[in-house]
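For the numbering used here, add 1302 to where a residue sits in the sequence shown, where the first one is 1. We put the beta carbon where it would ideally sit given N, CA and C, even for glycine. From a predicted model like this one, the values you see are computed outputs, not experimental measurements. Data first, discussion second: the structure below is written as structure tokens.
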Amino acid sequence: MTATDPVFEPDFLWGVAAAAYQIEGAVEEDGRGRSIWDEFCGRPGVVARGETGDVATDHYHRYREDVALMRDLGVGAYRLSVSWPRVQPTGRGVINEPGLDFYDRLIDELCAAGIAPAVTLFHWDLPQALQDNGGWLERDTAARLADYADIVGRRLGDRVRMWMPLNEPVVHTLYGHALGVHAPGYQLGFGALQAAHHQLLGHGLAVQALRAAGCENIGIASNHAPVHAASDAREDALAADIYDHLVNWTFADPVLRGTYPTPELAAALAGPVDEDLKTVAQPLDWFGINYYEPTVIAAPAARDEGASGVLEVELPPGLPFRPVALDTPDRTDFGWPIVPAGLRDIVRTFADRYGEMLPPLYITESGASFHDPDPVDGRVPDRRRIDYHRAHLHALKQAVDDGVDVRGYFVWSILDNFEWAAGYRERFGLVHVDYRTLERTPKDSYHWYRDLIAAHRTGQTVTASRS
Ligand code: IFM
């Protein structure tokens, strides 16, 4: 830690995060079934350079080395995801014991290293067999998530310290079901909202299943960010409000309040929505925010030629909003605006919106892709990633100083990994991965984070927050 680093309470949780399909590889080993990402990557032209997660970082075989890197980093927790098709190859019924055994070994390794396992159950890699049955457009998938939660909870619940049934349902809905740039590749526009509702229902059922299996300390990892109107014009404010409701409150209100943000939204969904919302709104021990960048929204142009591509993709014409580029020169190499204050703002917005109903917060992801140089003499200088995290932590500290109960920060990601449709070019890791040799090299940001954690070390524990 240096004089310019923020100082948090000694029990603030320092973590790192990753997800199964992005790091594990070994897609055909030990009885793993196919996931929608295996299928999607096989389609021509959908992933940059035709890359796939087939090998990824080979974490499935190198997990001991990776846990040792985390141990030396000194993190209190590692947020991993379990691959559903490894545990249930068809997403239902029979358990694939060798697949579950892998997570048993990984969790044991983490515990032996003094690292609290924080487990996400669904980080977008739905078993393909469930997709063939309709995937998240099909209500039954929510019940299947609960069965899978029960299996994993009973097997790993004695050692897992934090649980998240879902990662970023908004991104899986928007990119996977509305725009078609992620698996399963549907372009349903607003029809994708049904997939959102079923994920949320699955979240509620999975929370119940985990609790019934004796698991504690359950939350969610949900992507949120401030939405700003492009101008003071009434039309822009209205468009920004619609977008804000769609990407933020459609996903947080059901979980935290048991309602959709507008009655029109609830009315557009199939099923016993009011009953479902009671299930969705299981009391949570904490709520996880993944933050990357704010969005600026304008009213549709007079002649709407399709909203601008600042969301990395062309949006269909006819939408009631139009994302516009944020006016900042400060961007990651992925082109995402760097706005640390957005983290402070979204955390404060949550505190204001939900008040007493808000459980403690964790920042379950924050990170930046820079196209780092290859290691030279075992070193990868990545000053901009250090600046990124330091600035975001300063912003977060401001929210904490304002009284918001934020308990920890997970860096995305421990390793460079498969960045979905963008493939391997985008590097978010604290540890560089050479994709030819699979050699790991800690970057300068790894050493910075290690020093920061060491300086905070005393008293670091993960405890159930609602006790
Ligand atoms: O890589 C992803 C991760 O899977 C989910 N959150 C955002 C990260 C960066 O895009």
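### Task
Can you grab the Cα-Cα spacing for the pair residue 1643 / residue 1472, in whole Å?
22 Å
### Message
Looking at the secondary structure, which residues open and close the alpha helix (DSSP H) in which residue 1590 lies?
### Response
Note, residue 1590: premise wrong, no alpha helix (DSSP H); beta strand (DSSP E) at 1589-1592.
### Query
According to the Cβ coordinates, are residue 1447 and residue 1504 closer than 7 Å?
Yes, they are a contact pair.
### Query
Skipping 5 residues on each side, what residues in its chain have a beta carbon closer than 7 Å to that of residue 1508?
Around residue 1508: 1423, 1447, 1448, 1451 and 1467.
### Query
What residue range is occupied by the uninterrupted beta strand (DSSP E) comprising residue 1316?
In the DSSP assignment, residue 1316 falls within the unbroken beta strand (DSSP E) covering 1315-1319.
### Query
So is residue 1659 buried or exposed if we call it buried at 16+ other beta carbons inside 10 Å?
exposed
### Query
Would DSSP call residue 1762 helix, strand or coil?
Because residue 1762 sits at a pLDDT of 47, beneath the cut-off of 50, its placement in the model cannot be relied upon, and the following sentence gives the value as read from the coordinates. Residue state, collapsed to three classes: coil.
#### Entry: Check: residue 1358 C-beta below 6 Å from any heavy atom of the ligand IFM
no
### Query
Can we count residue 1321 as close to the ligand IFM, meaning its CB is less than 6 Å from some heavy atom?
Within the cutoff, so yes.
### Task
Count the other CB atoms, across all protein chains shown, that sit within 10 Å of the CB of residue 1486; report buried if there are 16 or more and exposed otherwise.
buried
### According to DSSP, residues forming a beta bridge with residue 1665
1591 and 1711
### Task
Grab the span of the beta strand (DSSP E) containing residue 1742 for me, first residue to last.
1742-1744
### Query
Hey, how far is the Cα of residue 1719 from the Cα of residue 1319?
11 Å
### Message
Under 8 Å, with one C-beta from each stretch per pair, do the region 1580-1600 and the region 1624-1638 reach the 3-pair mark?
### Response
In short, these stretches touch, since the Cβ pair count reaches three.
#### Entry: Enclosing alpha helix (DSSP H) for residue 1448 [first to last residue]
1442-1458
### Task
Could you tell me if residue 1751 is buried or exposed, where buried requires 16 or more neighbouring beta carbons within 10 angstroms of its beta carbon?
buried
### Message
Output needed for residue 1412: all residues of its chain with C-beta closer than 7 Å, excluding positions within five of it in sequence on either side, in chain order.
### Response
1369, 1380 and 1419
### Query
Under 6 Å from any heavy atom of the ligand IFM, does the C-beta of residue 1353 make it?
no
#### Entry: Nearest-angstrom Cα separation, counted from residue 1709 out to residue 1588
For the pair residue 1588 and residue 1709, the Cα-to-Cα distance works out to about 9 Å.
### Query
Which whole runs of the alpha helix (DSSP H) in the region 1501-1560 are 4 residues long or more, in chain order?
Whole alpha helix (DSSP H) segments, 4+ residues: 1536-1546 and 1552-1559.
#### Entry: Alpha carbon of residue 1366 to alpha carbon of residue 1755, nearest angstrom
21 Å
### Helix, strand or coil at residue 1734 according to DSSP, with G and I counted as helix
strand
### Task
Count the other C-beta atoms from every protein chain shown that fall within 10 angstroms of the C-beta of residue 1682, then say buried if there are 16 or more, exposed otherwise.
buried
#### Entry: Contact check, residue 1599 vs residue 1529, beta carbons under 7 Å
yes
#### Entry: Spatial distance of residue 1430 from residue 1542 (CA atoms)
35 Å
### Message
the ligand IFM and residue 1311: does any heavy atom of the ligand fall closer than 6 Å to the residue's C-beta?
### Response
no
#### Entry: Alpha-carbon spacing of residue 1463 relative to residue 1675, whole angstroms
Roughly 36 Å separates the two Cα atoms.
### Message
Could you compute how far the alpha carbon of residue 1673 sits from the alpha carbon of residue 1573?
### Response
45 Å
### Query
Comparing the CB of residue 1667 with every heavy atom of the ligand IFM, is any distance shorter than 6 Å?
The answer is yes for residue 1667.
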